[in-house]
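These protein sequence lines map, in sequence, to chains A and B. In terms of my numbering, the numbers along the first sequence are unbroken and rise by one, the last being 254. In terms of my numbering, the numbers along the second sequence are unbroken and rise by one, the last being 1254. Virtual Cβ for every residue (Gly too), placed ideally from N, Cα, C.
Protein chains: 2
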Amino acid sequence: MYQFFVAPEAINTDLKRVFITGQDVNHIKNVLRMKNGEEINVSNGTDGKEYRCAILEMTDDTVTCELRFIKEDGNELPSRIVLFQGLPKADKFELIIQKCVELGVAEIVPVSMKRCVMKVDEKKESKKVERWQAIAEAAAKQSKRGIIPTVTGVLTYGEALKKAQELDIILLPYEMADADSMGKTREIIQNIKPGQSVGIFIGPEGGFDDSEVEKANAAGAVTITLGKRILRTETAGLTVMSWLMYFLDGRDYK
Amino acid sequence: MYQFFVAPEAINTDLKRVFITGQDVNHIKNVLRMKNGEEINVSNGTDGKEYRCAILEMTDDTVTCELRFIKEDGNELPSRIVLFQGLPKADKFELIIQKCVELGVAEIVPVSMKRCVMKVDEKKESKKVERWQAIAEAAAKQSKRGIIPTVTGVLTYGEALKKAQELDIILLPYEMADADSMGKTREIIQNIKPGQSVGIFIGPEGGFDDSEVEKANAAGAVTITLGKRILRTETAGLTVMSWLMYFLDGRDYK
């Protein structure tokens, strides 16, 4: 079933009506060639619910739908997961956004770290964020997410740590010397409860600077391993996302 | 520490000598500018062991090393994992090879499936396989694998199923109607024991044809879900690889 995002005020639960406007109107009428009566999923992009609708009528600028039922849990994970990604090269970051949105991330925060090769010019930052957000929205539609994950502007390491401290758990994948580091990692991951919010810190191509790991630990981050092989920066975040999704998907947090 | 692959016969355990030849000689001498006495890791590409060496002397065509010790388990997973990937578009398949090699796959088999958009011209196939194998080798070096995973030529669906039946477990991610499909998936994944070989079947961009799922089930494949969101074909395989790596890494299979 096709999925569309609308603003929260475009869903009127009292009248059981949903109004789709903008570019999606042309898409529904002329690209998908949908007919009255066909069912679609609508999300308001923020509450994670799935609003199941049927098309009632189509004008040049509005598709009016009848709201049939609301699926409360939708397709969202029961935990809010925020990826703090050391800013990598442009094409890698776009891949990270797309893949982590598919896997259920709630927010992606590009972070300026010591070993980042990429710097975002302040003048160009808003253009970049706009592009990143568009990639997140496209991936959210394609993967049938109930929210459109946010991509923020670039934060300094200090700002990122401060933001992360609002979350319940902060994970930081880093090479551990310990022989049973994967065993310890499994303990940490499997202790995360549905509903707990999680931050994931990933270093850029050159990895974390030691001082950054120390600061993160001081801020409460827990060090984990991603196995014995060396993962590229763009593989690291989605590996942790896959693990969290595996344990959290479909679990109740009440 | 840098890692190099050599042919098995270039490692002489009796004499405690390892001989590096070919392009790596120039790389060691002139790009990395290594000196005598520096330590490197050598793998023979097949037994998964890590041969720790120190450089003894360098000539124009050979780097001779002293073999110091052999790490038996190296960086390999205790299970042989084979990815059977419905042939996707070229850039996606290259991404899949790179990422799955990082995550520990042993072999990647491109499979021609009903909904594949891509067809590989028979005349061009050997060139393609050569390119795919080079991507696997580069990723194996970068991620410090103990073997170079093989990328095979394109198999028909029937050939792929026959090959998969030599493995202990065949996983097939597919949309399941069941409300607790993730719970069942967790049971299946967590029942896999270190040492058991695993095949993963991933559909192409258009997904599996129903008849293909039936044939796989008849051949013993177990259906799993990848969560409530819709993953792209290139995300599906690496998600399953991440899960298997999580449970298998560092585990003993004796």
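- Comparing alpha-carbon positions, the option among B:I1097, B:K1092, B:Q1165, B:V1031 lying closest to A1219 of chain B turns out to be B:Q1165.
- Residues G86 of the same chain have their beta carbon placed closer than 6 Å to that of G203 of chain A, with the five preceding and five following residues left out of the count.
- Residue-level contact by beta carbon holds for Y1246 of chain B and chain A, with a gap shorter than 8 Å.
- Within chain A, the residues S242, W243, Y246 have their CB atoms less than 9 Å from the CB of W1243 of chain B, given in chain order.
- Excluding sequence positions up to five before and after G146 of chain A, its CB lies within less than 7 Å of the CB of S43, G48, K49, E50, G74, N75, E76, all in the same chain and listed in chain order.
- Chain A places a beta carbon closer than 8 Å to that of K1228 of chain B, counting this residue as a contact.
- Burial check for L244 of chain A: the Cβ neighbour count within 10 Å reaches 16 or more, so the residue is buried.
- A residue is called buried once 16 or more other Cβ atoms fall within 10 Å of its Cβ, and R33 of chain A, having fewer, is exposed.
- For R1232 of chain B, the chain A residues whose C-beta falls within less than 7 Å of its own C-beta are E102, listed in chain order.
- Counting only Cβ-Cβ distances below 8 Å, R1145 of chain B has contacts in chain A at R229, in chain order.
- Within the same chain, Cβ atoms closer than 8 Å to the Cβ of I188 of chain A are found at L171, V222, I224, the five residues on either side in sequence being excluded.
- Restricting attention to B:P1078, B:V1101, B:K1128, B:V1018, the CA atom closest to the CA of C1065 of chain B is found in B:V1018.
- In the DSSP assignment, K71 of chain A falls within the unbroken beta strand (DSSP E) covering 63-71.
- Residue pairing of R17 of chain A in beta bridges, as defined by DSSP: A:N12, A:E66.
- If you draw a 10 Å sphere on the C-beta of F1201 of chain B, you find 16 or more other C-beta atoms in it, and that means buried.
- At a cut-off of 8 Å between beta carbons, T1059 of chain B makes no contact with chain A.
- Put simply, of B:E1205, B:G1022, B:A1136, B:E1125 the residue whose alpha carbon is nearest the alpha carbon of G1104 of chain B is B:A1136.
- For secondary structure counted as the alpha helix (DSSP H) over 4 or more consecutive residues, the segment 104-151 of chain A holds these complete runs in sequence order: 122-142.
- Around the beta carbon of E1212 of chain B, 16 or more other beta carbons lie within 10 angstroms, which makes this residue buried.
- Between M1001 of chain B and K1029 of chain B, the C-beta spacing is not below 8 Å.
- Straight across, the Cα-Cα distance linking M1241 of chain B with V1063 of chain B is about 36 Å.
- Beta-bridge partners of V1198 of chain B (DSSP): B:I1081, B:I1169.
- When beta bridges are read from the DSSP output, Q1003 of chain B appears opposite B:N1041.
- One finds I230, R232 in chain A with Cβ atoms closer than 8 Å to the Cβ of Q1142 of chain B, taken in chain order.
- N1075 of chain B reaches chain A at K228, R229, counting residues in chain order whose Cβ is nearer than 7 Å.
- Proximity of K99 of chain A to chain B, defined by a Cβ-Cβ separation below 8 Å, is satisfied.
- Cβ contact annotation for A140 of chain A (same chain, cutoff 6 Å, sequence separation greater than five): V101, I148, in chain order.
- Here the alpha carbon of D1249 of chain B sits roughly 7 Å from the alpha carbon of K228 of chain A.
- For G250 of chain A, the nearest CB of chain B lies under 8 Å from its own CB, placing it at the interface with that chain.
- Taking 8 Å as the threshold, the shortest C-beta distance from M182 of chain A to chain B falls below it.
- Using a 10 angstroms sphere on the CB of D1024 of chain B, the tally of other CB atoms reaches 16 or more, which defines it as buried.
- Listed along the chain, the chain A residues whose CB falls inside 8 Å of the CB of T1235 of chain B are K99, E102, L103, L238.
- Within its own chain, the residues whose Cβ lies closer than 7 Å to the Cβ of Q196 of chain A, once the five positions on either side in sequence are excluded, are S79, D168, I169, listed in chain order.
- With 16 or more other CB atoms across the displayed protein chains lying within 10 angstroms of its CB, V1109 of chain B is buried.
- For A90 of chain A, same chain residues with a beta-carbon under 8 Å away, outside a window of 5 residues either side, are M118 in chain order.
- Residue state for I230 of chain A is assigned as coil, using DSSP reduced to three classes.
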